Each structure stands twice: as C-alpha cells, then as structure tokens.
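See below for the structure under consideration.
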Amino acid sequence: MRRIQMTVDGNAHVAEVEPRLLLLHHLRENLGIGGVHPGCNTTSCGACTVHIDGESVKSCTILAVQADGHEITTVRGITENGVWHPMQQAFHEAHGLQCGYCTPGMIMASISLLKENPDATEQEIREGLEGNLCRCTGYENIVKAVQLVQQHEDEMAQHAAS
Amino acid sequence: MIPLAFDYEVAESVDHAIELLGQHGDEAKLLAGGHSLLPIMKLRLAAPTVLVDLGRLGDLNYVRDEGDHLAIGAMTRHCDMERDSTLGEHCGLIAYTASLVGDPQVRHRGTIGGSISHGDAASDLPSALLALDANFVVKGSGGERTVAAGDFFEDYLQTTLTPDEVLTEIQVPKLNGAGWSYKKFNRRAQDWAVVGVAAVVERSNGSIGSARIGLTNMGSTPLRATAAENALSGADPSSVAEATSSADEGTSPSSDIAASDEYRRHLARVLSRRAVEEALTR
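Each protein sequence line maps, in turn, to chains Z and W.
Here my numbering is used: the first residue of the first sequence is 1, the next is one more, and so on.
Here my numbering is used: the first residue of the second sequence is 1001, the next is one more, and so on.
Written out as structure tokens, the structure reads:
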C-alpha cells in the first residue's frame, strides 16, 4: 500500500492505495464520484476523461499513485455554487447528448480543448475531440455545443469592450 | 482490466532510477507517461513486479537549441513537442509527427522517451527519428553512451537498452531547409498507423540531393526504405513515383485485422511517393 495525497475538485484527499489501483477506480470507488464513467477501459473511448492540473487525461490509463500531489478535476467539480459550467450549459442548450454516457468525458475534453485553443475551428474541434467516442452518433451537436461556448465568450468579450 | 500487483518506486533523479533498476534487475520496468506500458499491463501481456516511476523528473522535459542539433529531454510529452516553437522552426517533422500520436488525452501523458524505449514498430516517432538520423543518449550503471537511432531498435518491442539503462535525451539534427513529411494512414481517428512514412529530402540544384525514408509498422522494428533512398539519390523530382516503387523492399510487414501484408507493402510505396512529393514542396 502507498499513501497518496491529491486535490480532487478543490478538496484535499489522503488515501492508502495499492499501486495498481487506477485513478478511475480511485475516483469512483474510494471517493464516490460516479460522474467519472468507465467505458472501454482501453484508452480509446474517453468516457473516463478528467483533468490533471487542468489538462484532459484518461483516468483508466493512469495509476492513482501517479496522480500523487496533483490537482484532479472531474465533471463534479466544474459547477460553481450550483451553477453549471458554460460547457455544461452549452451541451444542454445545443442538445449535445443523447444517452449521456460519454457526456462527462466529452465536457472535460471540450473544456481542455478550448483552454488550449480558444479559437479552434470546426475542424480543430472535431480533431480535438478524437479521443472521445459517442455511440449515439451525436457528434454534430457536440461540436455545436463547443462552438456555442466560443460564441458566448465572444459576446461577453464584446460586452466588456463596449 | 486491472494489472497484476507490483511494487512501485518513485525515482528522484536519473541516477536514482538507475540504482533502483540495479536493485530490482530485469523484473523492473520504467514508467514514463505509461500510455504504452499500462495498457499492456492491464491486458496482462506485461507483468513487471516493480515499476520505477520517472514522472517526477521534470528536468527531463525540455527542448534545447544546441547549435547544429536540438536536444529533447526523454520526459518531454507529445503535447509539449507539438507546441514547441524551437522544434517547429528547426525540426517541424518531430512537432508534426508528435501531433498525430493517439489523441489529445494521450498526448498530455505520453512522452518521446517512453515511446522510443517501448520500441513498438507501429509508433510514429521512431520512424521519424530514423529518417532524421537522430541519436539517443542512454545512461546506466556503466556510464553514458550515445546510440544512433538506426542501431537502437533490435526486434519486436526490443531495443538495445540493457535492464539498468535509462534513455535520457534525444538529439535531432536541425533540418536546415531540408524538406520533410510524415504520412500516417489509419482507418479511424486515434488508431495506430496501419503504415506510416517519414521523409526527409535534401535538394541540390533542382534535383533530389538525398532522401531518407523511415517506415512505421512495416516489420518488427521501424525501418529505413534503403532501396528507395538509393533510387532517389540524385534523381529528378519527376521520377519520384518510379524511385519510391521499391519502398517496401527488405520489409516484412505482418497481416492483421487492419491490413494484409500485401496491402501494407502497397501503402508503403504509395505513402513514400506522397511523403517525398510533399517534402519537396517544403
């Protein structure tokens, strides 16, 4: 067993874990965060995407011990005082989901994508989400949701400037 | 999808990693980003009893301009390379090839040193590094040595690294105006290359001076397309199609669910032509 400490959604957590425990299982089973979805378990589908230090990663392919000392953000931690994150709001407005299973991973990957490339083109959004699979074939509205966040941010920037 | 149990050690320095490898022998494996190793451990195709984690060695994440070449730290991640302006300016082939590895989440974790040390012939960076005539700096209990990319890969998932050695740095020559290209063929986004071709082409008075071609997934190791390189040497740019028709000579591609060996040979020829043609435009 190994003692690890990490910040998860703003809260410090200390745990004793087996080295082979995956971050995915640590988040779900030890910390009870059901919004981190296990999907393919083979680094393909992206349903388990969370952020480590603000960057998207697949939690099924990271050991909990590798995350020792780092800051983890899951879909549960992106709301602020009960208000949805703009990306969650946009997925709602653009109907960027059908069954919803891929959605937490899609949202976390999309936030990371726009952080790195705020002005991503449609093509860049599609390529930027290549690590996340949606089996309801809902990609059209997912791309529109990401673009909606870009539009909202443009509008806010214009308001601020005027 | 849970790995077999193992002991976990955190390396505080390269020397510490070498010491830990020496203590645990060849049952130990180095862990960098873990995006090659952990998937095969989860499938239980690999079951090291000790993992030595290099994840805290932030001082191995760098790209430095060393005059005639660039030095890339072994723990530099794919996402760091795709964004690095020094690489973009002097060795666009590496920045571009890194941007094609896996998907964004994979590139946030995977490292150049991990990819090379894993020695998978289906990985994109090794064949690009072969085409560049890169050198790898390796450190072990016996000291430091430099290995040419062409001497590094020995067989399927086997490299010249001994059980107590750590790859620390990758040295790539600056392109200095040579054209380059990487053509990756796959059926779906984020898949491994069915075949990939890296090309570095030097021009000389309107003809091709020399061309170096690296092949991904055309055998048990990344390979050079030597026959095509010889045919391209001094050739007129109009004869690229003919010269690259021998790009699969000396290769031994496998047949699998993605492609037959025959189709891989076809891809190697077609992609070599496209890569050299594109390199000539850069």
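Using N, Cα and C, we set each Cβ at its ideal position, and we do this for glycine too.
This structure is a prediction, so every number in the text was calculated from the model and none was measured.
Contact check, residue i vs residue j, beta carbons under 8 Å
i, j, result
"Leu97 (chain Z)", "Ser110 (chain Z)", "no"
"Val1195 (chain W)", "Asn1217 (chain W)", "yes"
"His1024 (chain W)", "Lys1174 (chain W)", "no"
"Ala1268 (chain W)", "Lys1183 (chain W)", "no"
"Thr1244 (chain W)", "Arg1273 (chain W)", "yes"
"Thr1076 (chain W)", "Ile1018 (chain W)", "no"
"Ser1115 (chain W)", "Leu1030 (chain W)", "no"
"Glu176 (chain Z)", "Asn117 (chain Z)", "Here chain Z has residues from 1 to 162 only, and residue 176 (chain Z) is not among them."
"Ser1207 (chain W)", "Gly1179 (chain W)", "no"
"Gly1119 (chain W)", "Gly1110 (chain W)", "no"
"Ser1220 (chain W)", "Tyr1156 (chain W)", "yes"
"Gly1055 (chain W)", "Tyr1062 (chain W)", "no"
"Gln1171 (chain W)", "Ala1071 (chain W)", "yes"
"Ala1028 (chain W)", "Val1050 (chain W)", "yes"
"Leu1280 (chain W)", "Phe1185 (chain W)", "no"
"Asp1124 (chain W)", "Ala1193 (chain W)", "yes"
"Gln88 (chain Z)", "Ile107 (chain Z)", "yes"
"His112 (chain Z)", "Glu55 (chain Z)", "Per the sequence shown, the amino acid found at residue 112 (chain Z) is Ser instead of His. Cβ atoms of Ser112 (chain Z) and Glu55 (chain Z): closer than 8 Å."
Limits of the unbroken alpha helix (DSSP H) element including residue i
i, result
"Tyr1096 (chain W)", "Gly1092 to Ser1099"
"Gln151 (chain Z)", "Tyr139 to Ala161"
"His1035 (chain W)", "Note, His1035 (chain W): premise wrong, no alpha helix (DSSP H); not H, not E."
"Asp1261 (chain W)", "Asp1261 to Thr1281"
"Lys58 (chain Z)", "First-last for Lys58 (chain Z): Glu55 to Lys58, but that is the beta strand (DSSP E), not the alpha helix (DSSP H)."
"Gly1114 (chain W)", "Ile1112 to His1118"
"His1221 (chain W)", "One detail in the question is off: residue 1221 (chain W) reads as Thr in this sequence, not His. It is not in any alpha helix (DSSP H) - Thr1221 (chain W) carries neither H nor E in the DSSP assignment."
"Met37 (chain Z)", "Reading the sequence as shown, one finds His at residue 37 (chain Z) and not Met. Note, His37 (chain Z): premise wrong, no alpha helix (DSSP H); not H, not E."
"Glu124 (chain Z)", "Glu122 to Gly128"
"Glu1242 (chain W)", "Val1240 to Ala1243"
"Leu1021 (chain W)", "Val1014 to His1024"
"Glu1082 (chain W)", "His1078 to Arg1083"
"Asp1124 (chain W)", "Asp1124 to Ala1131"
"Pro1104 (chain W)", "Pro1104 to Arg1107"
Nearest-angstrom Cβ-Cβ length linking residue i and residue j, presumed shorter than 8 Å
i, j, result
"Ile1094 (chain W)", "Leu1100 (chain W)", "In fact, because the Cβ distance is near 11 Å, the residues do not count as touching under 8 Å."
"Met6 (chain Z)", "Val17 (chain Z)", "So it is not a contact: roughly 10 Å between Cβ atoms."
"Val1010 (chain W)", "Asp1053 (chain W)", "5 Å"
"Val149 (chain Z)", "Pro104 (chain Z)", "Actually they are not in contact, since the Cβ atoms of Val149 (chain Z) and Pro104 (chain Z) sit about 16 Å apart, beyond 8 Å."
"Leu31 (chain Z)", "Val50 (chain Z)", "Rounded, the Cβ-Cβ distance is 11 Å, inconsistent with contact."
"Leu168 (chain Z)", "Ser59 (chain Z)", "The question about residue 168 (chain Z) has no answer here: the residues shown for chain Z are numbered 1 through 162."
"Gln1158 (chain W)", "Ser44 (chain Z)", "The pair is not a contact, with the Cβ atoms about 26 Å apart (cut-off 8 Å)."
"Phe91 (chain Z)", "Ala47 (chain Z)", "Rounded, the Cβ-Cβ distance is 15 Å, inconsistent with contact."
"Ala1258 (chain W)", "Arg1187 (chain W)", "7 Å"
"Ile4 (chain Z)", "Asp68 (chain Z)", "4 Å"
Beta-bridge pairing of residue i - partner residues as DSSP gives them
i, result
"Ala94 (chain Z)", "Bridge partners of Ala94 (chain Z): none, in fact."
"Leu1070 (chain W)", "W:Asp1065 and W:Val1172"
"Met6 (chain Z)", "Z:His13"
"Val75 (chain Z)", "BP columns for Val75 (chain Z) are empty, so no partner."
"Ala1199 (chain W)", "W:Ser1181 and W:Ile1213"
"Ser1204 (chain W)", "W:Ser1207"
"Thr49 (chain Z)", "Z:Lys58"
"Asp119 (chain Z)", "Answer is none; Asp119 (chain Z) lacks a bridge partner."
Enclosing beta strand (DSSP E) for residue i [first to last residue]
i, result
"Asp1155 (chain W)", "Phe1153 to Asp1155"
"Thr1146 (chain W)", "Gly1143 to Ala1148"
"Leu1161 (chain W)", "Neither: Leu1161 (chain W) is in no beta strand (DSSP E) and is coded neither H nor E."
"Leu1215 (chain W)", "Ser1207 to Thr1216"
"Ile107 (chain Z)", "Looking at the DSSP string, Ile107 (chain Z) is not in any beta strand (DSSP E); the run it does join, the alpha helix (DSSP H), is Thr103 to Glu116."
"Arg28 (chain Z)", "Neither: Arg28 (chain Z) is in no beta strand (DSSP E) and is coded neither H nor E."
"Gly1140 (chain W)", "Asn1135 to Gly1140"
"Asp1236 (chain W)", "No beta strand (DSSP E) holds Asp1236 (chain W); DSSP gives it neither H nor E."
"Val1050 (chain W)", "Val1050 to Asp1053"
"Val1010 (chain W)", "Asp1007 to Val1010"
Residue i at chain A interface by Cβ criterion, 8 Å
i, result
"Met1001 (chain W)", "In summary, chain A is missing from the structure at hand, where the protein chains are Z and W."
Heavy atom of the ligand SAM within 7 Å of residue i beta-carbon
i, result
"Lys115 (chain Z)", "With respect to small molecules bound, the structure shown includes none, and the ligand SAM cannot be examined in it."
On the three-pair Cβ rule with 8 Å, is the stretch 53-73 of chain Z touching the stretch 1034-1048 of chain W? yes
Does the stretch 1100-1115 of chain W come close enough to the stretch 1138-1152 of chain W that 3 or more CB-CB pairs lie under 8 Å? no
With three or more C-beta pairs closer than 8 Å as the rule, is the stretch 1209-1227 of chain W touching the stretch 1123-1135 of chain W? yes
Using a Cβ distance threshold of 8 Å, determine whether the stretch 78-93 of chain Z contacts the stretch 25-40 of chain Z, with at least three qualifying pairs required. no
Does the stretch 1017-1032 of chain W touch the stretch 134-151 of chain Z, meaning 3 or more C-beta pairs lie closer than 8 Å? no
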